[in-house]
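In the numbering used here, the protein residues as written are 389 to 665.
Every residue gets a Cβ at the ideal spot worked out from N, C-alpha and C, and that includes glycine.
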């Protein structure tokens, strides 16, 4: 009864459209609009990950899906695709849009990914802090997601992810350059233009490493499944002060790990936790 009341209350208070999500820019999930839209979900309590499925009916997969992301990865047992499995290409970008979605910061740019005999077109990339996926039970300080749609318009998606770890003096040039513009988008719903982003060294490093790979879902509503994941085994570096600027902007915006692949949806996790009380 309590769950029904909560569900009804949330559904009556919140809009029925799909707001800015990790699938932003994927036409079959969340087409890009003319303005930056604040989402109707967050990472708090009432409208946070444990209650996303109560917000609107199209988010029910967040609770009853069977291949949900993120998952717990193992450095010894998870499937790893060797170097050469993917080919990322993002040419130098000029006048790039950098947005504050309220729950995330996102960059809109063009690029392609070649993986599993498919060409994928880049829709956007964004960040979560701390990391959403865990390796051997441990989080990294942040995680970067490049979101792609199949170039053949077949309603398929792929995500290329990279862990981010904090270092005292060293930082990945692409991230340091991008995040220098964070002060310009401190207000949710705002955007700025980054004059130029050079992906050269980042692209070369990405194409030379191995990747954890599995079939999962988007990590925000509507939690669409059938998403092909590639997560780099070598983390990117970020200077401490730059990480703090990111963290102060996005706060905490990670979904909890969904156990191992295909095992326990949200409702099952909650029931298991309740039995332990």
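Residue 367 to residue 442 span [Cα, whole Å]: Residue 367 falls outside the range modelled here, since the chain spans only 389 to 665, and no answer is possible.
Backbone CA spacing between residue 471 and residue 597 [nearest angstrom]: Distance between residue 471 and residue 597, taken at the CA atoms: about 5 Å.
Residue 635 - DSSP class collapsed to helix/strand/coil: In the structure shown, residue 635 sits in a helix (DSSP, three-state: H, G or I).
C-beta contact flag for residue 491 and residue 611 at 8 Å: Their beta carbons are not under 8 Å apart, which means residue 491 does not touch residue 611 by this criterion.
Residue 539 - containing alpha helix (DSSP H), residue span: Note, residue 539: premise wrong, no alpha helix (DSSP H); not H, not E.
Presumed contact (8 Å Cβ cut-off) between residue 638 and residue 511, rounded CB distance: So it is not a contact: roughly 19 Å between Cβ atoms.
Environment of residue 488 [buried if 16+ CB atoms lie within 10 Å]: Using a 10 angstroms sphere on the CB of residue 488, the tally of other CB atoms reaches 16 or more, which defines it as buried.
CB contact flag (residue 522, residue 624, <8 Å): In this structure, residue 522 sits away from residue 624, with a CB-CB distance that is not shorter than 8 Å.
Span of the beta strand (DSSP E) around residue 589: Residue range 588 to 595 is occupied by the alpha helix (DSSP H) that includes residue 589, with no beta strand (DSSP E) assigned at that position.
Option in 529, 440, 498, 423 with minimal Cα separation from residue 587: Selected option, being the one with the closest Cα: 498.
Per-residue burial, residue 631 [other beta carbons within 10 Å of its own, 16 or more giving buried]: Within 10 angstroms of the beta-carbon of residue 631 lie 16 or more other beta-carbons, which makes it buried.
Backbone CA spacing between residue 426 and residue 607 [nearest angstrom]: CA-to-CA, the gap between residue 426 and residue 607 works out to about 17 Å.
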